[in-house]
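Comments concern the structure below.
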């Protein structure tokens, strides 16, 4: 069994320890005897939609994100085809915004996105940042997903919140700091503002993403349990420290 | 008139606070200035009067070592120097240093002020700097400073307040070098290719886009991070010509040395400080010293005897073990620290990570650290400590450290006791900012003896 991961713009979108997610996916697959091949694709590189099971896209500084966004539009048709073929996507922060319909800047300009997630983003004034926890029922594990967010954009789910969020905010800001939703999940495409090494403290989410990616070639693959004591301890530690007495919207 | 009274009152209260702190046996590096600024916010402008030259040192890494060395260079040349040598570099710390130095009167009063990159605008708004030195701009505390380009833009804005000031900029850092575009009186310094230079970039890069064309720069070599020799494939943007440079960098058991090359001169500088990043510190301070008229012979002598400040790789002995304590605060700094201290000698490690305001609330950066020097070293155990002990442990686990070698002990004192029981002769402690003072206090309580600058074992080049 072999998993093919495509890391998009590893040289441009790498703001917050994003590569940690690739490392977590790699190890968790290898510990289960699954081979992994990781390919980095950047500016101007052609993308073969049939080749990859999972696309990963991180967050970047404004300049780098702008450069990546223009290139990503040229890769758009290939990515759409790849998703139709059953590839999974994990897009974080800037990557999440680029996978939505558009980003409206503070100046009112509309930057088109790929439209693979039913969300749109508007520039906000204050940055929404801090530790965050969300409940993500899709994962089939009641334990929350925890992380750190730091974003200026406010993202909204289309159809007055009809689209499915990745989770509901326990504490922190989430998509826009107002409606209590965080991230978006549509088919096998996941977008979220929980940045950086998100999968490290969330083994349930890591395995959910792994399973989505494996489905393309192998259907439902049972993933053997791993020793995740450290990971869960890190997860609970964050909840204990920041979860007490705080409400969403902080 | 009212302002003058308020100002005198501020100075009086600030100095009273400094005196009380001293009587209480505390070293106050920020409190007196904090009080005085509350009473009279325009205080910095007043305190800056009569100081000439005023040198401001800013940038991500190397501010404290560079400004301390520069202060010593100027002192050796005969100046009375006001400086904030303890690294308190927000406006309150700057004010405290200037309050404490306000007593010295008259001739030859210079100031060397380390200023936090986020506070530069406030300080330069009041203090008419004669020379501003920018060391580097690296990824650091993203929750405070956001992104590097934004930071560079804010520094550029701050510099616009002092159009007459000369700039001394790191040519190897494209972002820093771009601060000099369109200005007069700009001097560049740089480190030539060394045996440790790499032709492949680090895993995580930033600040490597052309400031005009936004295309990735081409590099002949990298020192670390995005520092190196670069040129834009599209326009004429390239590493600027250097007025000061370090050539033939060598690193051996006696420390490090390089040829310091300047307009019409060339001397060999030997320093007890290890590592490439300290070569930068020595080069930066020496270049600033040259610009201010310090004699080359003075530079050579002062550099030779200079020892680093607190937490900048401090040696100690504890329970028969040789120890070293290092401050870590961002990915490049931590990777360089590991390249310097992680050697061939079997050692026990403590990595103590906090996420308080001064450390940066977001610890995602841990995953951007190149841990290879640590993973390749002979460690008996790696103990993770601090408020984010578990995060560090998870990061190490996925980087390839076995669960048997990992231990999580959030309480730093217990972690230290555990580490002394390890069957190795070396102890290496990496601490984020808020753990450092605590760690030093605990070590003292356990009977540790401080040693001079730590000499790294020879295990280069990578």
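Protein chains in written order, with the working numbering: chain A, 1 to 250; chain B, 1001 to 1462. Just so you know, even glycine gets a beta-carbon here, dropped at the ideal spot from N, CA and C.
Using a CB distance cut-off of 8 Å, residue 1224 of chain B does not count as an interface residue toward chain A. Shown in chain order are the members of the region 56-86 of chain A whose Cβ falls below 9 Å from a Cβ of chain B: 60, 61, 62, 63, 64, 66 and 67. Taking a 10 Å sphere around the C-beta of residue 1437 of chain B, we find fewer than 16 other C-beta atoms and assign the residue as exposed. Judged by DSSP secondary structure, residue 184 of chain A falls within the beta strand (DSSP E) whose first and last residues are 184-186. Contact check for residue 79 of chain A against residue 98 of chain A fails: the beta carbons are separated by 8 Å or more. Residues are counted here when their Cβ sits less than 7 Å from a Cβ of chain B; for the region 140-153 of chain A these are 148 and 150, given in chain order.
The three-state secondary structure of residue 1332 of chain B, taken from DSSP, is helix. For residue 146 of chain A, the enclosing beta strand (DSSP E) starts and ends at 145-157. Between the region 1193-1201 of chain B and the region 1222-1242 of chain B there are three or more C-beta pairs closer than 8 Å, enough to call the two in contact. The C-alpha of residue 134 of chain A is placed about 11 Å away from the C-alpha of residue 243 of chain A. Interface residue (Cβ-Cβ distance to chain B less than 8 Å): residue 230 of chain A is classified as such.
Here DSSP, grouped into helix, strand and coil, assigns residue 1069 of chain B to helix. Taking 8 Å as the CB threshold, residue 182 of chain A stays off the interface with chain B. The region 1283-1332 of chain B is shown to contain whole alpha helix (DSSP H) runs of 4 or more residues at 1296-1305, in chain order. Per DSSP, residue 1187 of chain B is one residue of the beta strand (DSSP E) stretching across 1186-1191.
By the C-beta density criterion, residue 1407 of chain B is buried, having at least 16 other C-beta atoms within 10 angstroms. Apart from the 5 residues on each side of it in sequence, residue 1342 of chain B sits with its Cβ closer than 6 Å to the Cβ of 1373, 1374 and 1377 in its chain, given in chain order. B:1209 is the residue among B:1398, B:1209, B:1278 and B:1147 whose C-alpha sits nearest the C-alpha of residue 1233 of chain B. Following the DSSP letters along the chain, one finds residue 1154 of chain B inside the alpha helix (DSSP H) bounded by residues 1148-1159. For the region 171-204 of chain A, the set of positions with a beta-carbon nearer than 7 Å to some beta-carbon of chain B reads 195, 196, 197, 200 and 201 in chain order. At least one CB atom of chain A sits nearer than 8 Å to the CB of residue 1398 of chain B. The region 1343-1382 of chain B contains, as complete alpha helix (DSSP H) runs of 4+ residues, the segments 1372-1376 (chain order). Here residue 1138 of chain B is buried, its C-beta having at least 16 other C-beta atoms within 10 Å. Taking C-alpha positions only, residue 1044 of chain B is separated from residue 1113 of chain B by approximately 12 Å. Secondary-structure assignment with DSSP links residue 1270 of chain B through a beta bridge to B:1257. Using a CB distance cut-off of 8 Å, residue 88 of chain A does not count as an interface residue toward chain B. Considering only B:1228, B:1325 and B:1156, the residue with the shortest C-alpha distance to residue 1444 of chain B is B:1325. Note that the region 1028-1045 of chain B touches the region 1081-1100 of chain B; at least 3 beta-carbon pairs, one per stretch, sit closer than 8 Å. Residues of chain B whose Cβ lies closer than 9 Å to the Cβ of residue 44 of chain A do not exist, since the nearest Cβ in that chain is about 10 Å away.
In chain order, 1390 make up the part of chain B whose C-beta sits under 7 Å from the C-beta of residue 233 of chain A.
Taking C-alpha positions only, residue 213 of chain A is separated from residue 165 of chain A by approximately 19 Å.
Contact of residue 23 of chain A with chain B by beta-carbon distance below 8 Å involves 1367, 1398 and 1399.
With respect to chain A, the C-beta atom of residue 1174 of chain B has no partner C-beta closer than 8 Å. In this structure, the straight-line span from the alpha carbon of residue 168 of chain A to that of residue 1070 of chain B is close to 53 Å. The C-beta distance from residue 1227 of chain B to residue 1172 of chain B rounds to 4 Å, short enough to fall under 8 Å. In this chain, the beta strand (DSSP E) harbouring residue 1110 of chain B covers 1109-1114.
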